[in-house]
Amino acid sequence: MNLLEKLDAAAAARKAQLPTGLSAFGIPIEEIYSPTEARIGERRILLLGTNNYLGLSFSPECRKAAHEAIDKEGTGTTGSRMANGNYSGHRALEMEFADFYHCRSCIVFTTGYQANLGTISGLIGAGDVALIDGDSHASIYDGCILSGADIIRFRHNDMADLEKRLRRLGDRSKNTLIIAEGIYSMLGDQAPLAEIVSLKNAYNSILLLDEAHSLGVLGETGQGLAEKTGLINQVDFITGTFSKSLCGIGGYCVSNHLQLDQLRYVSHPYIFTASPSPSTIAATRVALRLLRDGSKLREQLWRNARQLYSHLKMIGFQVGPEPGPVVATILDNPQQALALWNGLLENGIYVNLILPPAAPEGKSLVRCSVNAAHTSEQIEHVCQAFSKLHSSIIQ
Amino acid sequence: MAEINQEDILHLLSQRLASFANPELEITPETNLITQLAIDSIKLLNLIMELEDHFDISIPLNALTDVLTVRDLANLIYRIMSDSK
Ligand SMILES: Cc1ncc(COP(=O)(O)O)c(C=O)c1O
């Protein structure tokens, strides 16, 4: 098989696995009206599958900052942070992130994906160990692969399993980077951070926590799981993204270890890519301030999350282990998931469909995510649609 | 653990892998894990955790890049076990 024939074979295998009539992936959104409404085809739909947790995507302050930055600094930087792409705004945002987390250093990356790639591959290398949660995001896997370190998985959120694997490493645990996430993006569950921290201390390892889905969502000021659990000083490195609650694109790593700064000189995903555009940086700086002061937004977000989670559970859908802005309905097979996804779309509701092998343990997911801009009437409409669909989908 | 040789590991692996295969397929040391047993990446990763626990060793995922067949996997496990003695 030549290279192109291999792709054809992969495409055929993918088609054969999918339920017939599937067109759920990559459907275009024609017009977007607000953080909660858009048009797909001819239909006005409710958006229930974004990562816009605080509903800030149309914030007037963020838009104004972005406009002004375009007018003052142009549309793009055309270069790397290590060369012509290092503007004062990038540096200012790094200082603001460091201040937000009350920690000593921060690096801003061009995406959250690159924040993980760049941080992980900068921290560990051949001979070191990455000990990662089995449900880790692809950017974590890819960062580990890029690093050349030995990659070992522990069973998702299973602390006895993590300890067993640390023990097996013997002396090597000192050169081990443990990686977990604040909120896992598929089932919406949180990492048992207190136990992870005590294990990393007992085995003298280093801990990296990816707060991509928990930034703005957990903790008094929205720092994430580390703040919610009071363990911010025990986590060595925190990575995150601008692409979810901050409604931009970009990523960061913060730490109290001043050695973080060294990554600027060794980390290819930081050096060999253009820096975020001025408008992105300007909007993100404002969004970070709104996030920090956003306890009212977090309250509404959590009200919405609890309303949807408890309703789905009550009417008999299998849901993730705990309530949160990501509310996943777990279905036994792709046909059920597709039927539910289609049924919701017919009721004017857009959610995410996740089929094997992307979903954990061979299950299929209909993954909803709520945000602070959803009204309780909108969530009620969603609850009613799920109730209507339940009996026709779960026999 | 008592002394274990490559053949024992191969035997154990073949037994374990039978659950992935359709019953007509005879599993030999040369059976390809991906193309013949249709073990997708997630199944393989989970199998590795199971084998780590069975043999009480660490099997780094990056070591799997060279593993195509049942024998390759058995050799890898044997090598890790010999190194950790
Ligand atoms: C856990 C996790 N980490 C990192 C990323 C990457 O973020 P970005 O979209 O900014 O590249 C994502 C987003 O999909 C994520 O879910």
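Here the protein sequences line up with chains B and Y, keeping their order. Start counting the first sequence at 798; every next residue gets the next number (this note's numbering). Start counting the second sequence at 27; every next residue gets the next number (this note's numbering). From the three backbone atoms N, C-alpha and C, an ideal C-beta is built for every residue, glycine too. Keep in mind it's a predicted model, so treat the numbers as computed, not measured.
If you draw a straight line from the C-alpha of residue 949 of chain B to the C-alpha of residue 1002 of chain B, how long is it? Here the question's residue 949 of chain B lines up with position 152 in the first sequence. Here the question's residue 1002 of chain B lines up with position 205 in the first sequence. C-alpha separation (whole angstroms): 14 Å.
Report the three-state DSSP secondary structure of residue 1082 of chain B (helix, strand or coil). Here residue 1082 of chain B is taken as the residue at index 285 of the first sequence, counted from 1. If DSSP states are grouped into helix, strand and coil, residue 1082 of chain B belongs with the helices.
Determine, using beta-carbon pairs with one atom in the segment 1000 to 1019 of chain B and one in the segment 1031 to 1049 of chain B, whether at least three such pairs fall under 8 Å. yes
Hey, is residue 976 of chain B close to ligand 3, as in C-beta under 7 Å from one of its heavy atoms? Ligands displayed in this structure: ligand 1; ligand 3 is not among them.
Should residue 937 of chain B and residue 954 of chain B be called a contact, given that it needs their Cβ atoms to be closer than 8 Å? Within the first sequence, residue 937 of chain B is the residue found at index 140, counting from 1. Within the first sequence, residue 954 of chain B is the residue found at index 157, counting from 1. Not in contact: residue 937 of chain B and residue 954 of chain B (Cβ atoms no closer than 8 Å).
Contact criterion: CB-CB distance below 8 Å. Does residue 58 of chain Y meet it with respect to chain B? As a first step, residue 58 of chain Y is located in the second sequence; it is residue number 32 there, counting from the start. Residue 58 of chain Y does not count as touching chain B.
Mind checking whether the beta-carbon of residue 1171 of chain B lies closer than 7 Å to any heavy atom of ligand 1? Reading the first sequence from its first residue, position 374 is the one you call residue 1171 of chain B. Not so, every heavy atom of ligand 1 lies at least 7 Å from the Cβ.
Going by other Cβ atoms of all chains shown within 10 Å of its Cβ, with 16 needed for buried, is residue 798 of chain B buried or exposed? The residue given as residue 798 of chain B occupies position 1 in the first sequence. The residue is exposed, with fewer than 16 neighbouring Cβ atoms inside 10 Å.
Find the nearest neighbour of residue 1048 of chain B within the set B:1037, B:934, B:1057, judged by alpha-carbon distance. In the first sequence, residue 1048 of chain B corresponds to position 251, counting from 1. The option with the nearest alpha carbon to residue 1048 of chain B is B:1037.
Please state whether DSSP places residue 947 of chain B in a helix, a strand or coil. Against the first sequence, residue 947 of chain B aligns to sequence position 150. Three-state result, residue 947 of chain B: strand.
So which residues on chain Y does residue 965 of chain B lean against when the C-beta distance must stay under 8 Å? Stepping through the first sequence from its first residue, residue 965 of chain B is reached at position 168. Chain Y residues near residue 965 of chain B: 78, 82, 83, 84.
Could one say the Cβ of residue 930 of chain B lies closer than 8 Å to chain Y's Cβ atoms, at least one of them? Working through the first sequence from its first residue, we reach residue 930 of chain B at position 133. Answer no: the Cβ-Cβ gap between residue 930 of chain B and chain Y never drops below 8 Å.
Output the boundary residues of the alpha helix (DSSP H) element that contains residue 835 of chain B. Locating residue 835 of chain B in the first sequence gives position 38, counting from the first residue. No alpha helix (DSSP H) holds residue 835 of chain B; the beta strand (DSSP E) holding it covers 834 to 837.
For residue 43 of chain Y, which of helix, strand or coil comes out of DSSP? What you label residue 43 of chain Y is simply residue 17 of the second sequence in a count that begins at 1. Reduced to three states, the DSSP call for residue 43 of chain Y is helix.
Where residue 970 of chain B and residue 1000 of chain B are concerned, what is the direct C-alpha to C-alpha distance, given to the nearest angstrom? Locating residue 970 of chain B in the first sequence gives position 173, counting from the first residue. Locating residue 1000 of chain B in the first sequence gives position 203, counting from the first residue. So the two alpha carbons sit approximately 6 Å from each other.
Throw me the rounded Cβ distance for the residue 834 of chain B and residue 841 of chain B pair, which I believe falls under 8 Å. As a first step, residue 834 of chain B must be located in the first sequence, where it is residue number 37. As a first step, residue 841 of chain B must be located in the first sequence, where it is residue number 44. That belief holds up - the Cβ atoms of residue 834 of chain B and residue 841 of chain B are roughly 6 Å apart, short of 8 Å.
Between residue 962 of chain B and chain Y, is the shortest Cβ-Cβ distance under 8 Å, so that the two count as touching? Position 165 of the first sequence, counting from 1, holds the residue named residue 962 of chain B. It does; some Cβ of chain Y falls within 8 Å.
Residues of chain Y with a CB under 9 Å from the CB of residue 968 of chain B: which are they? On the first sequence, residue 968 of chain B is found 171 positions in, with the first residue counted as 1. Result: empty, since nearest Cβ-Cβ is about 12 Å, beyond 9 Å.
Cα separation between residue 1148 of chain B and residue 57 of chain Y? The residue you call residue 1148 of chain B lines up with position 351 of the first sequence. The residue you call residue 57 of chain Y lines up with position 31 of the second sequence. C-alpha separation (whole angstroms): 41 Å.
So which of B:1142, B:979, B:850 has the shortest CA-CA distance to residue 1084 of chain B? For the purposes of this step, residue 1084 of chain B is taken as residue 287 along the first sequence, with counting starting at 1. Checking every option, the nearest Cα to that of residue 1084 of chain B belongs to B:850.
Are at least three pairs of beta-carbons, each pair with one atom in the segment 877 to 888 of chain B and one in the segment 1070 to 1081 of chain B, less than 8 Å apart? yes
When you compare the CB of residue 947 of chain B with every CB in chain Y, is at least one pair closer than 8 Å? One-based indexing of the first sequence puts residue 947 of chain B at position 150. It does; some Cβ of chain Y falls within 8 Å.
Positions along the segment 35 to 51 of chain Y whose CB lies within less than 9 Å of some CB in chain B: none
For ligand 1, is there a heavy atom less than 7 Å away from the beta-carbon of residue 918 of chain B? Locating residue 918 of chain B in the first sequence gives position 121, where the first residue counts as 1. No, Cβ of residue 918 of chain B sits at least 7 Å from all heavy atoms of ligand 1.
Count the CB pairs spanning the segment 1136 to 1147 of chain B and the segment 1160 to 1180 of chain B that are closer than 8 Å, and state whether there are at least three. yes
Kindly examine ligand 1 and report whether one of its heavy atoms sits closer than 7 Å to the Cβ of residue 1046 of chain B. Here residue 1046 of chain B refers to the residue found at position 249 when the first sequence is read from its first residue. Yes - ligand 1 has a heavy atom lying nearer than 7 Å to the Cβ of residue 1046 of chain B.
Whole angstroms is fine: what's the gap from residue 942 of chain B's alpha carbon to residue 1185 of chain B's? Within the first sequence, the letter at position 145 stands for residue 942 of chain B. Within the first sequence, the letter at position 388 stands for residue 1185 of chain B. Each residue's alpha carbon lies about 45 Å from the other.
Quick check: is the beta carbon of residue 952 of chain B nearer than 8 Å to any beta carbon in chain Y? Locating residue 952 of chain B in the first sequence gives position 155, where the first residue counts as 1. Closer than 8 Å to some Cβ of chain Y, the Cβ of residue 952 of chain B qualifies, so yes.
Classify residue 91 of chain Y: buried if its beta carbon has 16 or more other beta carbons within 10 angstroms, exposed otherwise. Position 65 of the second sequence, counted from the first residue, corresponds to residue 91 of chain Y. By the 10 Å Cβ count, residue 91 of chain Y comes out exposed.
Does the pairing of the segment 973 to 993 of chain B with the segment 1112 to 1122 of chain B give three or more beta-carbon distances under 8 Å? yes
Checking contacts by CB at 8 Å: is residue 31 of chain Y closer than that to chain B? Locating residue 31 of chain Y in the second sequence gives position 5, where the first residue counts as 1. Closer than 8 Å: no.
Please classify residue 1194 of chain B: is it buried, with 16 or more other beta-carbons within 10 angstroms of its beta-carbon, or exposed? No answer is possible for residue 1194 of chain B: the residues shown for chain B start at 798 and end at 1192.
At a cut of 8 Å, does the segment 852 to 862 of chain B reach the segment 1079 to 1099 of chain B through at least three beta carbon pairs? yes
If the cut-off is 7 Å on Cβ atoms, which residues from the segment 85 to 110 of chain Y count as contacting chain B, listed in chain order? 86, 87, 88
Please classify residue 50 of chain Y as buried or exposed, where buried requires at least 16 neighbouring CB atoms within 10 angstroms. The count along the second sequence starts at 1 and reaches residue 50 of chain Y at position 24. With fewer than 16 Cβ atoms within 10 Å of its Cβ, residue 50 of chain Y is classed as exposed.
Any C-beta of chain B sitting closer than 8 Å to the C-beta of residue 71 of chain Y? Position 45 of the second sequence, counted from the start, is the residue given in the question as residue 71 of chain Y. Taking Cβ atoms only, chain B reaches closer than 8 Å to residue 71 of chain Y, which makes this a yes.
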